[in-house]
Ligand SMILES: [Zn+2]
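In the numbering used here, the protein residues as written are 243 to 548.
Set out below in structure tokens:
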């Protein structure tokens, strides 16, 4: 009998778990997840990288790799020298993501022993390069402590306020935290990522939909949300759309969104929006009144009435 090869995401989680265990990180470790401990346990030293031209100590092979990268180099890895380089002039959550990504290139066995450099494209969660996407997935597993984040977040009533309130503790960006929440919650949640530059067409405002994500329980109940919404979000579907069109971080009012789902037909959802000024995020959850226990009538003998 041949055994089925493990899927990459299973191997990535395994590598993240091993890296955290080697650093002695457990569910009691104070947040944010101490990346420096993970790097140290892997024998990696962290160096700052601000301007490649000003770094006299860069290994020549790494310098060759970085010279081919377009745009600003935000992170790099030199496995033989056991060194990671991170541009620390970026916002704190960004620096942490880059550091975790470089640790990932080193920790994933099939990435090993290659000099690597990263720019904003390779560090983007939707990068088309499989290896970069794997390093990003490793980074997310580590930064959110595997299942620790979703266990904490699911202790609260589902709302966009939950991930937004937790970003400070976890040292993660609002964008990454809201996405992690939608993807890993046990609640039925879907997330729509949009642009923030509107187009007016036929009297309605539109923004492009860049991506959609759902929790497993959402998909089970309603199917995928992407095909239901199409390529644009309009204010006819999402009445609070104008709230997303802000150049600064802002949260929008709750509103109702009715969608024709593939699995359940017409369903009314409660929608909450947030923008960081570059991306719009709309979290959908089922609009229902039964958030508490369901009312059960009981007869004089104490047995439930049907
Ligand atoms: Zn990379």
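Every residue gets a Cβ at the ideal spot worked out from N, C-alpha and C, and that includes glycine. From a predicted model like this one, the values you see are computed outputs, not experimental measurements.
Problem set entry | Pick from 317, 354, 299, 322 that is closest to residue 366, judged by C-alpha positions | On the chain shown, residue 366 is found 124 positions in, with the first residue counted as 1. The residue with the shortest Cα to Cα distance from residue 366 is 317.
Exercise. Below 9 Å between beta carbons: does that hold for residue 325 and residue 288?
Worked result: Along the chain shown, read from residue 1 onward, the residue named residue 325 stands at position 83. Along the chain shown, read from residue 1 onward, the residue named residue 288 stands at position 46. Contact flag set, yes.
Problem set entry | Sequence-distant residues of its chain with Cβ nearer than 6 Å to residue 432 (five each side left out) | What you label residue 432 is simply residue 190 of the chain shown in a count that begins at 1. Contacts found: 456, 460, 467, 526.
Problem set entry | Sequence-distant residues of the same chain with beta carbon closer than 7 Å to residue 495, five excluded per side | For the purposes of this step, residue 495 is taken as the residue at position 253 of the chain shown. Counting only Cβ-Cβ distances below 7 Å, and skipping sequence neighbours, we find 482, 485.
Exercise. Quick check: the segment 386–406 against the segment 346–354, are there 3 or more CB pairs under 8 Å?
Worked result: Proximity of the segment 386–406 to the segment 346–354 falls short of the contact definition, fewer than three beta-carbon pairs being nearer than 8 Å.
For this session: Indicate whether the contact test is met: 3 or more Cβ pairs, each with one atom in the segment 438–453 and one in the segment 470–479, closer than 8 Å.
Result: yes
Exercise. Got a sec? Which residues, its chain only, sit under 8 Å from residue 384 by beta carbon, not counting five neighbours each side?
Worked result: Translated into the one-based positions of the chain shown, residue 384 becomes position 142. These residues qualify, in order along the chain: 258, 261, 262, 275, 277, 280, 342, 345, 346.
Problem set entry | Alpha-carbon spacing of residue 511 relative to residue 463, whole angstroms | Along the chain shown, read from residue 1 onward, the residue named residue 511 stands at position 269. Along the chain shown, read from residue 1 onward, the residue named residue 463 stands at position 221. About 13 Å.
For this session: Just confirm the distance between the C-beta atoms of residue 422 and residue 380, as a whole number of angstroms; I'd bet it's less than 8 Å.
Result: Mapped onto the chain shown, residue 422 falls at position 180. Mapped onto the chain shown, residue 380 falls at position 138. About 14 Å separates the Cβ atoms of residue 422 and residue 380, ruling out a contact at the 8 Å cut-off.
Exercise. To which residues of the same chain is residue 299 closer than 6 Å at the C-beta, ignoring the five residues directly before and after it?
Worked result: Working through the chain shown from its first residue, we reach residue 299 at position 57. For residue 299, where only same-chain residues beyond five positions count, there are no Cβ hits under 6 Å.
Problem set entry | residue 373 CB to nearest heavy atom of ligand 1 below 8 Å | Counted from its first residue, the chain shown places residue 373 at position 131. Yes, Cβ of residue 373 sits closer than 8 Å to a heavy atom of ligand 1.
Exercise. How many Å lie between residue 535 and residue 430 at the Cα?
Worked result: For the purposes of this step, residue 535 is taken as residue 293 along the chain shown, with counting starting at 1. For the purposes of this step, residue 430 is taken as residue 188 along the chain shown, with counting starting at 1. Unreliable positioning characterises residue 535 in this predicted model, as indicated by a pLDDT of 46, which lies under 50. The coordinate reading is nonetheless provided below. In a straight line, the C-alpha of residue 535 is about 17 Å away from that of residue 430.
For this session: Name the two residues that bound the continuous beta strand (DSSP E) containing residue 434.
Result: Mapped onto the chain shown, residue 434 falls at position 192. Segment 431–436, the beta strand (DSSP E) holding residue 434.
Exercise. Would you say the beta carbon of residue 308 comes nearer than 8 Å to a heavy atom of ligand 1?
Worked result: Here residue 308 corresponds to residue number 66 of the chain shown, with the count starting at 1. No, the beta carbon of residue 308 sits no closer than 8 Å to any heavy atom of ligand 1.
Problem set entry | Every unbroken beta strand (DSSP E) inside the segment 489–539 [3 residues or more] | 497–503, 507–517, 522–528
Problem set entry | residue 250 versus residue 375: straight-line alpha-carbon distance, rounded | Taking the chain shown and counting its residues from 1, the one referred to as residue 250 is at position 8. Taking the chain shown and counting its residues from 1, the one referred to as residue 375 is at position 133. Cα to Cα, the separation comes out at about 11 Å.
Problem set entry | Reference residue 488; option with closest CA among 506, 479, 330, 523 | Mapped onto the chain shown, residue 488 falls at position 246. Measuring from the Cα of residue 488, the nearest candidate turns out to be 523.
For this session: Drop a sphere of 10 angstroms on the beta-carbon of residue 506, count the other beta-carbons inside from all chains shown, and report buried for 16 or more, exposed for fewer.
Result: On the chain shown, residue 506 is found 264 positions in, with the first residue counted as 1. That one is exposed.
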